[in-house]
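Engineer: I am attaching a structure below and will ask some questions about it afterwards.
Protein chains in written order, with this note's numbering: chain P, 846 to 1650; chain V, 4 to 168.
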């Protein structure tokens, strides 16, 4: 495959698998995650009493016994917190707002909603006290599922709203309905994702400390988006943003779910202010499994195809279950509108229409989980295209070829107005077919029982992921409020000639300390050992959007390039003056500025820095400002699409229903690859999360709205025994719009894996041609799909299939 | 339930240490907050994720499923025992070489499980490696780089019989 190097970034470090700078201390056990931080003197611990009902009125709260318990300093309820904080408000349509009180006052709307908070001198005593609080509830009827929420007479969560649909967005290319009427073939079905738990290995938490004299709040927080959390906490507490500081410790994963500012943070900050004592809270794992949810989707999708298998149009009605309250940054609309935005994926779709809706239900509020809507969009499109191929007697690969955006089609502006400027879809497909020997397998093994009795299947999934969006796109998507779309970098060279980089993006494990050091070291001509990427601290990093939506390399990288360019240019000017040459003749490398072609004529970067800070023997050149630093922002002018083809082979045990993933391939194009090990790590990790989503994970609720999986024994995630070798190759088609040519890479592994695995399972069972539209494909579910009763092993009656014409 | 404080005296990473604990204090919390060895992490507190894995009397153990008082008089090893001041252990080096950690939260427990395996068996098969670390959950890496790192360490142990993992 071609590896084109973008002229903006190439050097000693970028593009190579530099071992991670952050690894040594993490390996030694010297990481500083939230619960590892030295605790401030006088610290209190918090614990939350949570509603055991999905929907109820709070009649009374009895605190006496709990207040008398050992070590308890105070207990607060929602009514008390309402005096110290503003509720969080989410717009609902043009007129209304949903108000979320930081702790429930008279009504709870999901199991787990905070009702009271204990403040005590040890976390163990907090738990003791929580058990002594007495709350009297009057249970109310609850609405749990999407289907229920869509019914007009379902129990309403909000008396002021006409129903439980809180967001609707429509879009239609004129003529779409007519095109569907006239189309030779239509295929449709409803594709659902089970709600998932993120299961970052570290749960959420914070330490809050308030300086009463200065009126300043300091939060050490696992927040994925520190500037957003700073704004939200400031607003909730009536503080000015400059008086709120968020310091990021090491964070143990997020996958999108720590982007939400949950009420516990606001409550904790308010208590710290009220008491003048620092407070700490770390969510426990049962809370995490009951509360940190995402991807509760139901997408009805219809495609119109002509006799050659070419897409005429796509129409869809995606519905997203928000849970009880819409959350920022997800808002009421991000996932649903995201489905509208992403459904077309890598395909040319002339006619396009959707009506996207979000509903509230008496379940935990959901946030955007890695991939947002795209995994289920890809699931729907790949499934329907395969059905169309089957119905028309077309090869499933050929139907993709006839519809994928090709290089000849560029630039291709899709039906929602986003332009594809790169398209290696065909190249990724061809290489994935070759790597995986897909065609031979399909000819010889698909759906056949092997010697071990297992049925094997393969599938490919073509996908494009929308990455690196800037302000123009966030505004168009209605997301701009405090999630603007640009990011910033402050690059400083100290008087001793070493550099520090301060980014508006916090890290949750993606390798920022390495990747951005690679870029800075190359541009500044320093050894990577002399460049440090600092942890996020809102007191010292530029304002920005933060990591997420696969934009770190694009937006952060662009900001680093711009800031380093300015610093490097100044270093070259100073060096040129010291060496009496022109700045264009200066090369920066290995800590030295030298004349191009004349290595002996050189000056150390340390000496340049001393000159810039006016502490060295040489004079500063005329017209230069003191110091050696630059702060720059990068706003990607458009989004950029990464694309990939995934290929998967699975084996199905007909006796137990167990699905094993045996081979997995990803051919991926994220433009300029900054560190291949890190990019591959992102893709592989996302694929394995997808193995979990497809085969084993579901955050289920009982009919009464009780979360069923509250331990890791009930909510299994993949282990080392569940994962095959994952072969990853790259095609580098640099973006033509981003500075540096990077495209995003953090989520696309999560997108292709869902269709690849589910369609591989269908292929394994191709004798019966099941149409699989839900997950997880647990062993008992698989036995049902195979027409067997999971308990008795006897045959089940035929189940109806999706609507086709 | 008695809340009286008990002195727990034990050997940690070869050093004698002691501190007070109430009877119900988890060993994981004791190591982290009484001894201030925060490399051992608590991921679930119900024995499912393995982030809290330490060695107790030479065997891997989930420190969230033990009370500190149960470790009185025992020798325990934590992740802080693997490296010396100057250099990482071969296993830790291979974790870095193979990008076997991303957020790093599961890593100490993963290292302790892998270290226990390699101390017992210097040439494990891939299947043995995967089974041994199946009780250590990781959400970031997808595990294969961890397996490769352990295999690379095993190769180094094969090449040098004196080498410790």
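Note that CB positions come from ideal geometry on N, CA and C, so glycine has one too. Please read these numbers as outputs of a predicted model, since none were measured by experiment.
What residues in the segment 1042-1059 of chain P bring their beta carbon closer than 7 Å to a beta carbon of chain V?
Structural biologist: Taking 7 Å as the Cβ-Cβ cut-off against chain V, the residues of the segment 1042-1059 of chain P that qualify are 1044, 1045, 1046, 1047.
Engineer: Going by CA-CA distance only, name the one from P:1189, P:878, P:1292 that's closest to residue 1265 of chain P.
Structural biologist: Nearest option by C-alpha distance: P:1189.
Engineer: If you draw a straight line from the alpha carbon of residue 168 of chain V to that of residue 1557 of chain P, how long is it in whole angstroms?
Structural biologist: Distance between the alpha carbons of residue 168 of chain V and residue 1557 of chain P is about 30 Å.
Engineer: Would you say residue 106 of chain V lies against chain C (beta-carbon separation less than 7 Å)?
Structural biologist: No chain C is part of this structure, whose protein chains are labelled P and V.
Engineer: Can you tell me which of P:1288, P:880, P:1004 puts its alpha carbon nearest to the alpha carbon of residue 1608 of chain P?
Structural biologist: Comparing Cα-Cα distances from residue 1608 of chain P to each of P:1288, P:880, P:1004, the minimum goes to P:1288.
Engineer: Can you give the Cα-Cα distance for residue 946 of chain P and residue 1071 of chain P, rounded to whole angstroms?
Structural biologist: Their backbone Cα atoms lie some 21 Å apart in a straight line.
Engineer: Establish whether the CB of residue 24 of chain V and some CB of chain P are separated by less than 7 Å.
Structural biologist: No, residue 24 of chain V does not count as interfacial toward chain P.
Engineer: May I ask you to verify whether the segment 1609-1617 of chain P touches the segment 1480-1488 of chain P, counting CB pairs closer than 8 Å and requiring at least 3?
Structural biologist: Result no; under three Cβ-Cβ pairs closer than 8 Å.
Engineer: Could you check what DSSP says for residue 1337 of chain P in three-state terms: helix, strand or coil?
Structural biologist: Strand.
Engineer: Residue 1002 of chain P to residue 962 of chain P, Cα distance in whole Å?
Structural biologist: Rounded to whole angstroms, residue 1002 of chain P to residue 962 of chain P spans 24 Å at the Cα level.
Engineer: Between the alpha carbons of residue 30 of chain V and residue 55 of chain V, how many angstroms are there, rounded?
Structural biologist: Their backbone Cα atoms lie some 9 Å apart in a straight line.
Engineer: So is residue 1577 of chain P buried or exposed if we call it buried at 16+ other beta carbons inside 10 Å?
Structural biologist: Buried: at least 16 other Cβ atoms inside 10 Å.
Engineer: The alpha helix (DSSP H) spanning residue 1034 of chain P covers which residue range?
Structural biologist: Note, residue 1034 of chain P: premise wrong, no alpha helix (DSSP H); beta strand (DSSP E) at 1030-1038.
Engineer: Pairing CB atoms from the segment 1058-1065 of chain P with CB atoms from the segment 1340-1359 of chain P, are three or more of them under 8 Å?
Structural biologist: The segment 1058-1065 of chain P vs the segment 1340-1359 of chain P: no contact.
Engineer: In the DSSP assignment, what are the bridge partners of residue 1587 of chain P?
Structural biologist: According to DSSP, residue 1587 of chain P bridges with P:1516.
Engineer: Pull up the CB-CB distance for residue 1091 of chain P and residue 1074 of chain P, whole angstroms please, since I reckon it's below 8 Å.
Structural biologist: Correct: roughly 6 Å between the Cβ atoms.
Engineer: Taking the Cβ atom as the reference point for each residue, do residue 1111 of chain P and residue 1081 of chain P lie within a distance shorter than 7 Å?
Structural biologist: Result yes, Cβ atoms of residue 1111 of chain P and residue 1081 of chain P sit closer than 7 Å.
Engineer: Excluding five sequence neighbours on each side, which residues of the same chain lie with their C-beta closer than 8 Å to the C-beta of residue 1441 of chain P?
Structural biologist: If we look at residue 1441 of chain P and ignore the five residues flanking it on each side, its Cβ neighbours are 1430, 1431, 1432.
Engineer: At least one CB of chain P closer than 7 Å to the CB of residue 99 of chain V: is that the case?
Structural biologist: It does: the Cβ of residue 99 of chain V has a partner Cβ on chain P nearer than 7 Å.
Engineer: Would you list, in chain order, the members of the segment 37-56 of chain V that have their beta-carbon closer than 8 Å to a beta-carbon of chain P?
Structural biologist: Cβ contacts with chain P: 40, 41, 42, 43, 44, 45, 46, 47, 48, 49, 51, 52, 54.
Engineer: Looking at chain P, which residues of the segment 59-82 of chain V have a Cβ within less than 8 Å of any of its Cβ atoms?
Structural biologist: Correct list: 81, 82.
Engineer: Provide the residue span of the alpha helix (DSSP H) that contains residue 1099 of chain P, from first to last.
Structural biologist: Premise fails: residue 1099 of chain P is in no alpha helix (DSSP H) and is neither H nor E.
Engineer: Could you list which residues in chain P have their beta carbon closer than 7 Å to that of residue 148 of chain V, in chain order?
Structural biologist: Correct list: 1526.
Engineer: Provide the residue(s) that pair with residue 1490 of chain P in DSSP beta bridges, ordered along the chain.
Structural biologist: Its beta-bridge partners are P:1307, P:1512.
Engineer: The alpha helix (DSSP H) spanning residue 1419 of chain P covers which residue range?
Structural biologist: It spans 1402-1424 - the alpha helix (DSSP H) in which residue 1419 of chain P sits, taken as one unbroken run.
Engineer: Looking only at its chain, what residues have a beta carbon closer than 8 Å to the beta carbon of residue 111 of chain V, apart from the 5 residues adjacent to it on each side?
Structural biologist: These residues qualify, in order along the chain: 42, 43, 44, 54, 56, 81, 82.
Engineer: Below 8 Å, can you find three or more Cβ-Cβ pairs linking the segment 1127-1137 of chain P to the segment 1039-1048 of chain P?
Structural biologist: These segments touch.
Engineer: Name, please, each residue of chain V whose Cβ falls closer than 9 Å to the Cβ of residue 875 of chain P.
Structural biologist: Chain V residues near residue 875 of chain P: 41, 42, 83.
Engineer: Identify the continuous alpha helix (DSSP H) that holds residue 1283 of chain P and give its terminal residues.
Structural biologist: Here the alpha helix (DSSP H) through residue 1283 of chain P covers 1283-1289.
Engineer: Compare the C-beta of residue 145 of chain V with all C-beta atoms of chain P and state if any pair is closer than 7 Å.
Structural biologist: Answer yes: the Cβ-Cβ gap between residue 145 of chain V and chain P drops below 7 Å somewhere.
Engineer: I need the boundaries of the alpha helix (DSSP H) containing residue 1316 of chain P, first residue and last residue.
Structural biologist: Segment 1316-1321, the alpha helix (DSSP H) holding residue 1316 of chain P.
Engineer: Among residues of its own chain, excluding the 5 on either side of residue 1220 of chain P, which ones have a beta-carbon nearer than 6 Å to its beta-carbon?
Structural biologist: Hits under 6 Å: 1595, 1596, 1599.
Engineer: Please decide whether residue 1098 of chain P counts as near chain V, where near means a Cβ-Cβ distance under 7 Å.
Structural biologist: Closer than 7 Å: yes.
Engineer: Taking C-alpha atoms, which residue in P:1542, P:971, P:954 lies nearest to residue 984 of chain P?
Structural biologist: Cα-wise, what sits closest to residue 984 of chain P is P:954.
Engineer: So does the segment 1357-1366 of chain P actually touch the segment 105-123 of chain V, counting three or more Cβ pairs closer than 8 Å?
Structural biologist: No, the segment 1357-1366 of chain P is not in contact with the segment 105-123 of chain V.
Engineer: Given a limit of 7 Å on CB to CB distance, which residues of the segment 1606-1626 of chain P reach chain V?
Structural biologist: Listed in sequence order: no entries.
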